[in-house]
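Report on one structure; see the data block that follows.
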Amino acid sequence: MKTVKLSLLGAMLMVFSLPGIAWAADASAVDAGDTAFMIISSALVMLMTPGLALFYGGMVRRKNVLSTMMQSFIIIAIISVQWVLFGYSLAFGPDHGHIIGSLDWLGFNGVGAEPNPDYAGTIPHQIFAIFQLMFAIITPALITGSIAERMRFPAFLAFTVLWATIIYDPLAHWVWGVDGWIRNLGALDFAGGTVVHISSGVSGLIAALILGKRKGYGKEPMLPHNLPWTVLGAGLLWFGWFGFNAGSALAANGLAGTAFVVTNTSAAAAALSWVLAEWLHHGKPTLLGAASGAVAGLVAITPAAGFVTPLAAIAIGLIGGVICYLGVGVLKARLGYDDALDAFGCHGIGGTWGAIATGLFATTTVNPAGADGLFYGNPALLKAQIISIVATYLFAAIGTFVILKVVNAFTRIRATEDEELMGLDSTMHGEEAYRDFVLTGSLSKGQFKEKVAEAPSVTLNISST
Amino acid sequence: MKKIEAIIRPSKLDEIKEALGKFGIHGMTVTEVIGCGLQKGKKEVYRGTEYTIDLLPKIKVEIVIRDKWVDEVIRILVNTARTGEIGDGKIFVYPIENAVRIRTGESGEEAI
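Those protein sequences? They're chains X and L, same order as listed. Its first residue numbered 1, the first sequence is counted upward by one per residue in my numbering. Its first residue numbered 1001, the second sequence is counted upward by one per residue in my numbering.
In structure tokens:
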């Protein structure tokens, strides 16, 4: 009897497991663990952009908080569509002259559930594309820190679409695309030090210079209106960055673990060194400094995240925190440009240091697919890193300059003095973040008469005393 | 009737409310204000840039009282709000022409 029962059970198991076996045979390359990890990593990176909206939104004056957050938020919508239509194809599609991808993957044509072994052999191609989309979203959003409080919204929209298409997509192709020229050069950029941070920081600086300073900059205080939001935003950025860097391993493996460890370590070290630097320089350790330092450390480790040891991450973070502090606290004041929320100070300078640090600290003991840096006896990597940095600076700066001049020929990029004075929230969007009183009449004439009739009457006995 | 307007340190509000309550004064209007007098501003630092904040937060307490209570109320306020440091605030006294309680229509001293 027992044998019969066991045989029945065995037969049932066979029957139920057949479809599974058949499915597994069809898509043997897709790994469930890697795919789950990459879907979650993509979602983590997505959360960074609303986090950035909070980070930036808290640092502006209250009359510009919505317009600043809108710039981050609307980019999620714009780039999500641009990426599916043609952005992904330009960045990662089959190579044209080592400069740009082809248009073969327009509309995600051919980007499906099967893996693309050129980029990630164990996850659906669509998941790789959506992971990359989140990078394409946050990069132009980072630029908005430089142009905050003074750019007109229509011009901002046009700039964003053009910048993503003309700067980001080719740059991503150079560095990460199969046969991209910087990739072929041997330069390393694990999660976007040049593609994301240098490009956005340099473009932000150029945009800030072209737009000009905010009205009253340097003469009146322009203080953050809600630092708790900024800290919450920094926390979300830090959290999301685990998807950004660990996810860039493109698999749930030891390399992802290493990237996670060095990311957290560098952020922590930079938060400490920034706070210490300003404590010594100005006498008080500030929370804005701690939040800014953490972001600087995250930026600095990004290109190196898959190639360096945890000890190297401490050095990269400590140095990154101090040089970014000097960038925003000293360099900006000396040169007098109005990089409103320090997109260049944190991302441009931090990204540059990170790309150089990759050339110094990278080691094949961490990642055999990488390369050794200068400290491990290979100066060639540092040379490749510097070429990639210079190329990114030139391309981002010239491209941003041309795009803004072209946009300005069609629609004014700078808000008028009146618009700036009133704030962009009400002049660009017709909204206010904080309203103490509702100053509009909400009662009709008839309702008003009814209210008056309902009111109890009292006998007045007014006498002066 | 007189209106007493006292500009005080925010930390002193609870003590003043309690002292006035013991004296029998429960009605008051309290506003958060900013201002400057003899007290110097303070320094704040944001991302390495120093700003001097000249206007400091204070509390304005407004009460309307019978004429005969004025001296005693001022004495209570001064004794309660004083720390001896610069920035303790100021008291202003205004004459009040009339007062009306909206609910009942009473006026004059009956209304305060």
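Think of the CB as a built atom: it goes at the ideal place given N, C-alpha and C, for glycine as much as any other residue. These numbers come from a predicted model, not from an experiment.
Within-9 Å CB hit, residue i to chain X
{"i": "residue 1050 of chain L", "result": "yes"}
{"i": "residue 1029 of chain L", "result": "no"}
{"i": "residue 1046 of chain L", "result": "yes"}
{"i": "residue 1062 of chain L", "result": "no"}
{"i": "residue 1078 of chain L", "result": "no"}
{"i": "residue 1106 of chain L", "result": "yes"}
{"i": "residue 1053 of chain L", "result": "yes"}
{"i": "residue 1093 of chain L", "result": "no"}
{"i": "residue 1033 of chain L", "result": "no"}
{"i": "residue 1100 of chain L", "result": "yes"}
{"i": "residue 1103 of chain L", "result": "yes"}
Inter-residue spacing [alpha-carbon to alpha-carbon] between residue i and residue j
{"i": "residue 1110 of chain L", "j": "residue 1069 of chain L", "result": "15 Å"}
{"i": "residue 1017 of chain L", "j": "residue 421 of chain X", "result": "40 Å"}
{"i": "residue 1004 of chain L", "j": "residue 225 of chain X", "result": "33 Å"}
{"i": "residue 1092 of chain L", "j": "residue 1019 of chain L", "result": "18 Å"}
{"i": "residue 47 of chain X", "j": "residue 57 of chain X", "result": "15 Å"}
{"i": "residue 385 of chain X", "j": "residue 233 of chain X", "result": "31 Å"}
{"i": "residue 1046 of chain L", "j": "residue 220 of chain X", "result": "14 Å"}
{"i": "residue 428 of chain X", "j": "residue 1081 of chain L", "result": "46 Å"}
{"i": "residue 108 of chain X", "j": "residue 128 of chain X", "result": "12 Å"}
{"i": "residue 394 of chain X", "j": "residue 175 of chain X", "result": "15 Å"}
{"i": "residue 1050 of chain L", "j": "residue 435 of chain X", "result": "30 Å"}
{"i": "residue 432 of chain X", "j": "residue 69 of chain X", "result": "12 Å"}
{"i": "residue 159 of chain X", "j": "residue 1041 of chain L", "result": "42 Å"}
{"i": "residue 88 of chain X", "j": "residue 1035 of chain L", "result": "56 Å"}
{"i": "residue 248 of chain X", "j": "residue 289 of chain X", "result": "28 Å"}
{"i": "residue 1106 of chain L", "j": "residue 1056 of chain L", "result": "39 Å"}
{"i": "residue 280 of chain X", "j": "residue 274 of chain X", "result": "10 Å"}
{"i": "residue 121 of chain X", "j": "residue 250 of chain X", "result": "9 Å"}
{"i": "residue 62 of chain X", "j": "residue 1103 of chain L", "result": "38 Å"}
{"i": "residue 154 of chain X", "j": "residue 399 of chain X", "result": "19 Å"}
Cβ of residue i within 9 Å of any chain L Cβ
{"i": "residue 119 of chain X", "result": "no"}
{"i": "residue 325 of chain X", "result": "yes"}
{"i": "residue 342 of chain X", "result": "yes"}
{"i": "residue 445 of chain X", "result": "no"}
{"i": "residue 283 of chain X", "result": "yes"}
{"i": "residue 278 of chain X", "result": "yes"}
{"i": "residue 333 of chain X", "result": "yes"}
{"i": "residue 460 of chain X", "result": "yes"}
{"i": "residue 299 of chain X", "result": "no"}
{"i": "residue 286 of chain X", "result": "yes"}
{"i": "residue 228 of chain X", "result": "no"}
{"i": "residue 295 of chain X", "result": "no"}
DSSP three-state assignment for residue i, whether helix, strand or coil
{"i": "residue 1047 of chain L", "result": "coil"}
{"i": "residue 1010 of chain L", "result": "helix"}
{"i": "residue 120 of chain X", "result": "strand"}
{"i": "residue 170 of chain X", "result": "helix"}
{"i": "residue 416 of chain X", "result": "coil"}
{"i": "residue 250 of chain X", "result": "coil"}
{"i": "residue 111 of chain X", "result": "coil"}
{"i": "residue 102 of chain X", "result": "coil"}
{"i": "residue 1060 of chain L", "result": "strand"}
{"i": "residue 1100 of chain L", "result": "strand"}
{"i": "residue 19 of chain X", "result": "Residue confidence is low: residue 19 of chain X scores 41 on pLDDT, short of 50, so the model does not pin down where it sits. Its coordinate-derived value is still stated next. Residue state, collapsed to three classes: helix."}
{"i": "residue 203 of chain X", "result": "helix"}
{"i": "residue 393 of chain X", "result": "helix"}
{"i": "residue 1067 of chain L", "result": "helix"}
{"i": "residue 338 of chain X", "result": "coil"}
{"i": "residue 1052 of chain L", "result": "strand"}
{"i": "residue 220 of chain X", "result": "strand"}
Span of the beta strand (DSSP E), counted from its first residue to its last, around residue i
{"i": "residue 68 of chain X", "result": "Run containing residue 68 of chain X: none in the beta strand (DSSP E); it sits in the alpha helix (DSSP H), 65 to 82."}
{"i": "residue 1033 of chain L", "result": "1029 to 1035"}
{"i": "residue 1090 of chain L", "result": "1089 to 1095"}
Residue interval of the alpha helix (DSSP H) (run including residue i)
{"i": "residue 317 of chain X", "result": "310 to 326"}
{"i": "residue 36 of chain X", "result": "32 to 59"}
{"i": "residue 147 of chain X", "result": "125 to 147"}
{"i": "residue 1038 of chain L", "result": "Segment: none, residue 1038 of chain L is in no alpha helix (DSSP H) and carries neither H nor E."}
{"i": "residue 301 of chain X", "result": "287 to 301"}
{"i": "residue 357 of chain X", "result": "349 to 361"}
Any chain A beta carbon closer than 9 Å to residue i
{"i": "residue 292 of chain X", "result": "Absence of chain A from the displayed structure is noted, the protein chains being X and L."}
- [ ] For the region 80 to 87 of chain X and the region 249 to 259 of chain X, state whether three or more C-beta atom pairs, one from each stretch, are separated by less than 8 Å.
- [x] no
Task: Touch test, the region 37 to 51 of chain X against the region 98 to 105 of chain X, Cβ-Cβ under 8 Å, three pairs minimum - done: no
Open item on the list: Is it the case that the region 134 to 147 of chain X contacts the region 333 to 344 of chain X, given that we only count it when at least three CB pairs across the two stretches are under 8 Å?
Closed with: These segments touch.
Open item on the list: Would the region 258 to 270 of chain X count as touching the region 203 to 219 of chain X if we require 3 or more Cβ pairs under 8 Å?
Closed with: Cβ pair count under 8 Å is below three, so no.
TODO: Mind the definition here: the region 63 to 77 of chain X touches the region 129 to 141 of chain X only if three or more C-beta pairs lie below 8 Å; say whether that holds.
DONE: yes
- [ ] Report yes or no: do the region 236 to 246 of chain X and the region 165 to 174 of chain X share at least 3 C-beta pairs separated by less than 8 Å?
- [x] Between the region 236 to 246 of chain X and the region 165 to 174 of chain X, the count of C-beta pairs closer than 8 Å stays below three; the two stretches do not touch.
Open item on the list: Using 8 Å as the cut-off, can you tell me whether the region 312 to 320 of chain X makes contact with the region 348 to 364 of chain X, which would need three or more C-beta pairs spanning the two stretches below that distance?
Closed with: yes
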